[in-house]
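Residue numbers (our numbering): 817 to 1135.
Structure first, commentary second.
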Ligand code: UTP
């Protein structure tokens, strides 16, 4: 069963308080579903993907969340706001369970929104947060990238920032044939278990050019020094202002660490991974899991000979 990200009550007081959630991308990999609906709002069981991301930030003690949104992203703003009429109706019926579910998103943190205007790249989306963040370190959580609620990746990254200052990226080892889909890090050991020094970064390299198999995944703790670098970062791969390019400059200065993650992560902006996420998290739900798994076993059994039941896509699924 899913146990929520560790509670804020046991979270140590840290200097990082703000999280930025970029959610202004076009979501072209998920068209046509994302023509009028932001990919971050696609439901994962019964909550939009981005709610899991905000819950993760809140559980790590980040009580101020800035969403970077774009056109067609009103649904995100509405989801994290009060829904007066709906709440009145549920309250009048005495339906406290659904009333809480409707109210929860707005209670997770102090939620703010800013518009990116044009989706000029992840680096540009982060730069849009400059005024709100100020001169403090901050976390960045990509709005379509889910870390399983049982994992403690973000807390580990915040601890590394407390110990080493500078910026921290999350790294995941991926098969060589997948590295071209990610930013890739050149790393050196630090002597600390699961923590490396990042000496260089390259966005979506070919497998021949990749300095390692360490892919940068959608969690960052950034030093505010990144803003000055982003201001002068030219559009890079795909004509977009790449966060990876700005981090490459910081890495050259020796101020970037990586936390190696080998847990469960889901890219809900990818159709196949989205399906895996929904199935996995539905199985974990005490209210839905038993009935759903019984059906799933029967269904998989009916696919005899098709290869179903083997792990697909090279991604690790929990036992
Ligand atoms: P992606 O590259 O996954 O988003 O960016 P995308 O461009 O929407 O995806 P596809 O390839 O077209 O399907 C990672 C995160 O950064 C945000 C996205 O919303 C996503 O959460 N992003 C990306 C921005 O906020 N602004 C941008 O200009 C680009």
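Heads up, the beta-carbon is just placed ideally off N, CA and C, and yes, glycines get one too.
Would you call the CB atoms of residue i and residue j closer than 8 angstroms?
i            : j            : result
residue 1043 : residue 946  : yes
residue 969  : residue 1079 : yes
residue 955  : residue 835  : yes
residue 1074 : residue 987  : yes
residue 1156 : residue 957  : Since the displayed the chain opens at 817 and closes at 1135, residue 1156 lies outside it and no answer follows.
residue 944  : residue 884  : yes
residue 928  : residue 948  : yes
residue 1010 : residue 1027 : no
residue 939  : residue 1061 : yes
residue 991  : residue 842  : no
residue 993  : residue 1030 : no
residue 859  : residue 889  : no
residue 965  : residue 1040 : no
residue 1086 : residue 887  : no
residue 1025 : residue 1014 : no
residue 874  : residue 907  : no
residue 903  : residue 915  : yes
residue 960  : residue 1049 : no
residue 1012 : residue 1076 : yes
State the CB to CB distance for the pair residue i and residue j, rounded to an integer number of angstroms; the pair is presumed to be in contact (CB under 8 angstroms).
i            : j            : result
residue 937  : residue 1057 : 4 angstroms
residue 984  : residue 1037 : 4 angstroms
residue 833  : residue 880  : 6 angstroms
residue 876  : residue 1023 : Incorrect: roughly 33 angstroms between the Cβ atoms, too far for contact.
residue 1046 : residue 942  : 6 angstroms
residue 1104 : residue 1098 : 5 angstroms
residue 891  : residue 857  : 5 angstroms
To which residues does DSSP link residue i through a beta bridge?
i            : result
residue 955  : 835, 1037
residue 883  : 837, 929
residue 973  : Paired residue(s): none; residue 973 is not in a bridge.
residue 1054 : Residue 1054 pairs with nothing; no bridge assigned.
residue 963  : 1081
residue 1087 : Answer by DSSP bridge pairing: none, since residue 1087 is not bridged.
residue 1075 : 986, 1011
residue 1153 : Because the chain is modelled from 817 through 1135, residue 1153 falls outside the range shown and cannot be assessed.
residue 1016 : 1002
residue 918  : Residue 918 is not bridged to any residue.
residue 1032 : 987, 999
Could you tell me if the beta carbon of residue i falls within a distance shorter than 7 angstroms of some heavy atom in the ligand MN?
i           : result
residue 935 : Of the ligands one can find in the structure shown, namely the ligand UTP, none is the ligand MN.
Review point. For the segment 917-931 against the segment 859-875, are there 3 or more C-beta pairs whose distance is under 8 angstroms?
Key: yes
task = Give a yes or no on contact between the segment 843-852 and the segment 895-906, applying the rule of three or more CB pairs nearer than 8 angstroms.
result = no
Open item on the list: Any contact between the segment 999-1006 and the segment 1085-1100? By contact I mean 3 or more CB pairs, one from each, below 8 angstroms.
Closed with: no
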